[in-house]
Amino acid sequence: MQNARIEDVLVRDKFENIALIARMLEKEITPIVKNYLNLEDDVVVRYRKSGDKFVFDIEVKAERIKPFGMIIS
Numbered sequence: 019m020q021n022a023r024i025e026d027v028l029v030r031d032k033f034e035n036i037a038l039i040a041r042m043l044e045k046e047i048t049p050i051v052k053n054y055l056n057l058e059d060d061v062v063v064r065y066r067k068s069g070d071k072f073v074f075d076i077e078v079k080a081e082r083i084k085p086f087g088m089i090i091s
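Residues are numbered in my numbering as their position in the sequence shown, beginning at 1, plus a constant of 18.
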């Protein structure tokens with residue numbers, strides 16, 4: 019029973035840190051996205067636990083795509 023409690027505390031602690039990671043991702047992703055889009059709103063990173071994994075959803079609302087030149091390879 020004690021091991022289950024310890025595991026529950028560790029999982030809950032990890033999940034709380036995920037909120038911080040989601041905020042950091044928003045800050046890191048925003049400048050990159052702004053290179054390509056005129057944003058209508060802030061970048062939003064949502065997360066949820068799916069079994070023993072975490073799923074991140076990134077939402078970007080853009081007014082328009084910025085024009086950019088062609089890349090020739």
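A virtual CB, placed ideally from N, CA and C, is assigned to each residue, including glycine. These figures come from a predicted structure and were not determined experimentally.
In the DSSP assignment, N21 is bridged to no other residue. Annotation: I83 to K45 spans about 20 Å, alpha carbon to alpha carbon. Taking C-beta atoms under 8 Å as the contact rule, E58 and K79 qualify, at a distance of about 4 Å.
V61 is classed as buried because its beta carbon has at least 16 other beta carbons within 10 Å across all chains shown.
Counting along the chain, N56 sits inside the beta strand (DSSP E) bounded by residues L55 to L57. Between the alpha carbons of N56 and L38 lies a distance of about 26 Å.
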